[in-house]
Amino acid sequence: MGGQPVCRVSVHRAPHLHCSRALEVYSIRLRARSRNVRRFLFHGEMERRSVVEGTKKIVLTALVFGIWAMVFCASQALGQTPETEKAKDTSQETAIYLGEVVVTATKFPTQIERVPGRITVITAEEIEETPFERVDELFQQVSGVQTNRTNGIFELSPQVTMRGLGGNEPGRTLVLIDGAPASVGDTGNMRWNRINLADIERIEVFKGPGSSIYGSNAMGGVINIITKKPDKPFEGDVSVGYGSFDTKQGSVRLGGKQAGGQGFFGQVVATILDSDGYTSLTEDSRDYDNRIDRFVEEFTLNTKVGHSFDEGNFFELSHSYFDDRRGEGYKYNIDEGSHRDFDTNSLSLLYKGSHEKWQWRMNAYYQREEYFWHRDFENSVSLYTVNSDRDDYGATLSLSREIGKWSTLIFGGDIRSSSVDATDDYDESDECAKNKGKLDQYAIYLQDEFHLLDDRLVLVGGVRYDTAKFHDGAYASNISPFDQLTTEMDDNDWQAFSPKLSARYNFTDKASIYGSYSRGFRAPILDALCRYGIFHGRFYDANPNLENETLDSFELGGDATFFNALDLSVSAYYSRGKDFIYSVDTGETRFLWGRDRSVYIMDNVTEVEIMGLDTDLTYRFNKDVNMFVHYTYNASTIEAFDERPEIEGKTLEYAPKHSVSAGINYLNPIVNARVVFNHIGDQYTDDMNTEEIEGYETVDVKLWRELNFLLPGMTASLTVQNLFDEAYLRSEDEKSPGIFAIGEIKYAW
Numbered sequence: 154m155g156g157q158p159v160c161r162v163s164v165h166r167a168p169h170l171h172c173s174r175a176l177e178v179y180s181i182r183l184r185a186r187s188r189n190v191r192r193f194l195f196h197g198e199m200e201r202r203s204v205v206e207g208t209k210k211i212v213l214t215a216l217v218f219g220i221w222a223m224v225f226c227a228s229q230a231l232g233q234t235p236e237t238e239k240a241k242d243t244s245q246e247t248a249i250y251l252g253e254v255v256v257t258a259t260k261f262p263t264q265i266e267r268v269p270g271r272i273t274v275i276t277a278e279e280i281e282e283t284p285f286e287r288v289d290e291l292f293q294q295v296s297g298v299q300t301n302r303t304n305g306i307f308e309l310s311p312q313v314t315m316r317g318l319g320g321n322e323p324g325r326t327l328v329l330i331d332g333a334p335a336s337v338g339d340t341g342n343m344r345w346n347r348i349n350l351a352d353i354e355r356i357e358v359f360k361g362p363g364s365s366i367y368g369s370n371a372m373g374g375v376i377n378i379i380t381k382k383p384d385k386p387f388e389g390d391v392s393v394g395y396g397s398f399d400t401k402q403g404s405v406r407l408g409g410k411q412a413g414g415q416g417f418f419g420q421v422v423a424t425i426l427d428s429d430g431y432t433s434l435t436e437d438s439r440d441y442d443n444r445i446d447r448f449v450e451e452f453t454l455n456t457k458v459g460h461s462f463d464e465g466n467f468f469e470l471s472h473s474y475f476d477d478r479r480g481e482g483y484k485y486n487i488d489e490g491s492h493r494d495f496d497t498n499s500l501s502l503l504y505k506g507s508h509e510k511w512q513w514r515m516n517a518y519y520q521r522e523e524y525f526w527h528r529d530f531e532n533s534v535s536l537y538t539v540n541s542d543r544d545d546y547g548a549t550l551s552l553s554r555e556i557g558k559w560s561t562l563i564f565g566g567d568i569r570s571s572s573v574d575a576t577d578d579y580d581e582s583d584e585c586a587k588n589k590g591k592l593d594q595y596a597i598y599l600q601d602e603f604h605l606l607d608d609r610l611v612l613v614g615g616v617r618y619d620t621a622k623f624h625d626g627a628y629a630s631n632i633s634p635f636d637q638l639t640t641e642m643d644d645n646d647w648q649a650f651s652p653k654l655s656a657r658y659n660f661t662d663k664a665s666i667y668g669s670y671s672r673g674f675r676a677p678i679l680d681a682l683c684r685y686g687i688f689h690g691r692f693y694d695a696n697p698n699l700e701n702e703t704l705d706s707f708e709l710g711g712d713a714t715f716f717n718a719l720d721l722s723v724s725a726y727y728s729r730g731k732d733f734i735y736s737v738d739t740g741e742t743r744f745l746w747g748r749d750r751s752v753y754i755m756d757n758v759t760e761v762e763i764m765g766l767d768t769d770l771t772y773r774f775n776k777d778v779n780m781f782v783h784y785t786y787n788a789s790t791i792e793a794f795d796e797r798p799e800i801e802g803k804t805l806e807y808a809p810k811h812s813v814s815a816g817i818n819y820l821n822p823i824v825n826a827r828v829v830f831n832h833i834g835d836q837y838t839d840d841m842n843t844e845e846i847e848g849y850e851t852v853d854v855k856l857w858r859e860l861n862f863l864l865p866g867m868t869a870s871l872t873v874q875n876l877f878d879e880a881y882l883r884s885e886d887e888k889s890p891g892i893f894a895i896g897e898i899k900y901a902w
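In terms of my numbering, the sequence shown opens at residue 154 and continues consecutively.
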């Protein structure tokens, strides 16, 4: 639009801010509930709370006894059973593998049976067998983790949350790629669409607060995506697929390393996805008469080069490029309709080394997301674009030192900086709005790990100190009524100590129990501090006066293997959050883009309470057949809110009480199969719990066969998601794509 005016707005004392399918049957199952239905008289409410508190104590006591009894009985039974070799099964989900090594718990290689907490590992082989197309979908099979991808591969911004912390605020789960933070600091979102499944070696999911090591954002847990490195002088794979909605996808991975285990290595991975999409709007949507298919165009290119000096010393430099465009399913004036881009470039440097009793790890990283949103409206005067440059960079240094035979000391520090520079620019006028801000964080941490009683008992204690500062915040607009909000925002800063104390006792190599206390910490996101605008479908006012939030969590768990075939893991946790950052309806409305819209704000809820239970069970019938069940229970409640006591006792938004994932794997020479059943319970969608999304179930299937008789290394597969075409939704405006099928041919060497 060459003739488009240039927007210029400014803030006092600040520099000028320049902006230059067939018909589907479905049901919307939102139940509106009157506030009066849940209103109690004073004495009735007190009695109810007394009963609730008593029930909580009984439940917690029963859980403690139950976990102890499970592990004790297992240890006694196993102590009388002759040792036999555990059947190997690369597709099992929840077993504790003796000797398996993880890095996320401490930042250094640690045997998983020595971690006094709950950690789940998803391997590349398991990823190959799952009926999922995106990395975040894998977490449906991890207890304690909640995912949202209502629109399937067409989802704009998928969300992953953990341990009952609510599904509308993804910033409480820290996501790492090869140890470097990958979430966007401005919004707290992780761009899951940019992660290539073909590039993943394994994923480690650490549940519960990880702030004593990782600091801000690790309140619910840590997800560490570890990418592949080449093992051969020349290796790779190539795949092509075609599916529903004229979906076309492909990937290529090429890599190699010098022979002998030392020297240079390199790898490049490229993927492409293109789909015409589906009609996602429901009849209740105000844009339904102007619906179009919700499309996606996507390209990723990941490169990695490095040098191995010996087994414990190497460095690698990685670059990732992500280019996408995703439609929103309606059109008025713009050729593509309303759409968004999440173009991202990231660069990271990793150096790992060891010498005698010392180990060290250094990460440096930079990430820029160039977010673009072109919003379409019936009235062309209302058309506008959002251009937001979001930068994140930082460095981490971690060191480990063995002290004697029983102790390992880990210490280090982090620096991290995030910034945003965003403009809302109207197409047909010089009206615009501008927001910007920066958030700097610094931290040091110390942790000591003790191994006692012939390594059966592991004790871990640690603490981290974080300081964060918001500065250079500003908002400016020449659009009425937002022009009255033009301001240069006051700086704000936060400090937090995040302690941890945990222990694990291994009765045998097949039975153990653990307990922990840990504190999680999170600083506010920039979007909440300095932006007036749309976030997750709601209009928010900025709140630069937000305080940081903390979460104190107590956890008890146990693991046991029975008869070398049945693996059972149980974890119970109780958490209390203070100054919990939460989406709150202010009760005000503004006339925006042709209609009255409710105004929300991110505010500090005085106190929240979360009780939960994770249960994982795997049974191996034989080496070719196994089944699994994962169950999660969460009760997430607002306990106190001084400014709005009417929402006390309400359940957190998008926090289902129950979720289940169950399935079976069957391997045979003709065709291999995996069937997965998922259930997500009811969820409230507002702070007063007056609107609710009913729970839903889906069944996903994958069939695959090796075609070595045609070409060694070739595999054909068919994935069918939502086999029974269940219609589910997250809001009254949008529905899921229903059944989605895609076939793929892959060749690896």
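Yeah, the Cβ is synthetic: ideal placement off N, Cα and C, and Gly gets one too.
A quick note: this is a predicted structure, and the numbers were derived from the prediction, not measured.
Anticipated Cβ contact below 8 Å, residue i with residue j, distance rounded
{"i": "phenylalanine 417", "j": "histidine 460", "result": "5 Å"}
{"i": "glycine 615", "j": "arginine 271", "result": "Not really, about 17 Å apart at Cβ, beyond 8 Å."}
{"i": "threonine 326", "j": "glycine 373", "result": "5 Å"}
{"i": "arginine 479", "j": "valine 449", "result": "5 Å"}
{"i": "valine 613", "j": "serine 655", "result": "5 Å"}
{"i": "arginine 543", "j": "valine 573", "result": "5 Å"}
{"i": "aspartate 886", "j": "aspartate 437", "result": "7 Å"}
Cβ-based burial, residue i [other Cβ within 10 Å; buried from 16]
{"i": "isoleucine 114", "result": "The structure shown has nothing for residue 114, since the chain only spans 154 to 902."}
{"i": "leucine 679", "result": "buried"}
{"i": "lysine 803", "result": "buried"}
{"i": "lysine 899", "result": "buried"}
{"i": "lysine 558", "result": "exposed"}
{"i": "phenylalanine 359", "result": "buried"}
{"i": "glycine 482", "result": "buried"}
{"i": "leucine 606", "result": "exposed"}
{"i": "lysine 385", "result": "exposed"}
{"i": "valine 268", "result": "buried"}
Cut-off 7 Å between Cβ atoms - residues of its own chain near residue i, not counting five sequence neighbours on either side
{"i": "aspartate 644", "result": "Lys622, Phe623 and His624"}
{"i": "alanine 649", "result": "Asp619, Phe674, Asn701 and Thr703"}
Three-state secondary structure (DSSP) of residue i
{"i": "glutamate 100", "result": "Examination of residue 100 is not possible in this model, given that the chain is present from 154 through 902 alone."}
{"i": "threonine 759", "result": "strand"}
{"i": "asparagine 498", "result": "strand"}
{"i": "tyrosine 367", "result": "helix"}
{"i": "glycine 102", "result": "In the structure as shown, the chain begins at 154 and stops at 902. Residue 102 is therefore absent and cannot be evaluated."}
{"i": "arginine 858", "result": "strand"}
{"i": "glycine 615", "result": "strand"}
{"i": "aspartate 680", "result": "helix"}
{"i": "isoleucine 487", "result": "coil"}
{"i": "proline 323", "result": "helix"}
Close Cβ partners of residue i (< 6 Å) along its chain, the five nearest in sequence each way excluded
{"i": "valine 256", "result": "Pro262"}
{"i": "glutamine 766", "result": "Note on identity: in this sequence residue 766 is leucine, with glutamine being the wrong assignment. If we look at leucine 766 and ignore the five residues flanking it on each side, its Cβ neighbours are Ala725 and Tyr786."}
{"i": "threonine 549", "result": "Asn516 and Asp567"}
{"i": "tyrosine 474", "result": "Leu454 and Asn498"}
{"i": "leucine 876", "result": "Val852 and Val854"}
{"i": "aspartate 427", "result": "Lys401 and Glu450"}
{"i": "leucine 719", "result": "Tyr772"}
{"i": "arginine 684", "result": "Asn588 and Ala695"}
{"i": "arginine 521", "result": "Asn498 and Asp544"}
Neighbourhood of residue i by C-beta, 8 Å cutoff - its chain only, sequence neighbours within 5 removed
{"i": "aspartate 636", "result": "Ser630"}
{"i": "glycine 834", "result": "Pro809, Lys810, His811, Ser812 and Gly848"}
{"i": "glutamate 801", "result": "Ile791, Glu792, Ala793 and Phe794"}
{"i": "threonine 380", "result": "Ile330, Asp331, Asp352, Ile353, Glu354, Asn455, Lys457 and Ser471"}
Opposing strand residues paired with residue i [DSSP bridges]
{"i": "glutamine 637", "result": "Answer is none; glutamine 637 lacks a bridge partner."}
{"i": "alanine 351", "result": "According to DSSP, which records beta bridges pairwise, alanine 351 is partnered with nothing at all."}
{"i": "threonine 263", "result": "Val255"}
{"i": "valine 829", "result": "Gly816 and Asp853"}
{"i": "phenylalanine 493", "result": "One detail in the question is off: residue 493 reads as arginine in this sequence, not phenylalanine. Arginine 493 is bridged to Arg479 and Trp526."}
{"i": "isoleucine 280", "result": "DSSP lists no partner for isoleucine 280."}
{"i": "asparagine 779", "result": "Arg773 and Asn818"}
{"i": "glutamate 334", "result": "The amino acid at residue 334 is misidentified as glutamate; the sequence shows proline. Bridge partners of proline 334: Leu329."}
{"i": "leucine 592", "result": "Ser571 and Phe623"}
Closer than 8 Å to chain C by CB, residue i
{"i": "alanine 258", "result": "You won't find chain C in this structure, because it holds only one protein chain."}
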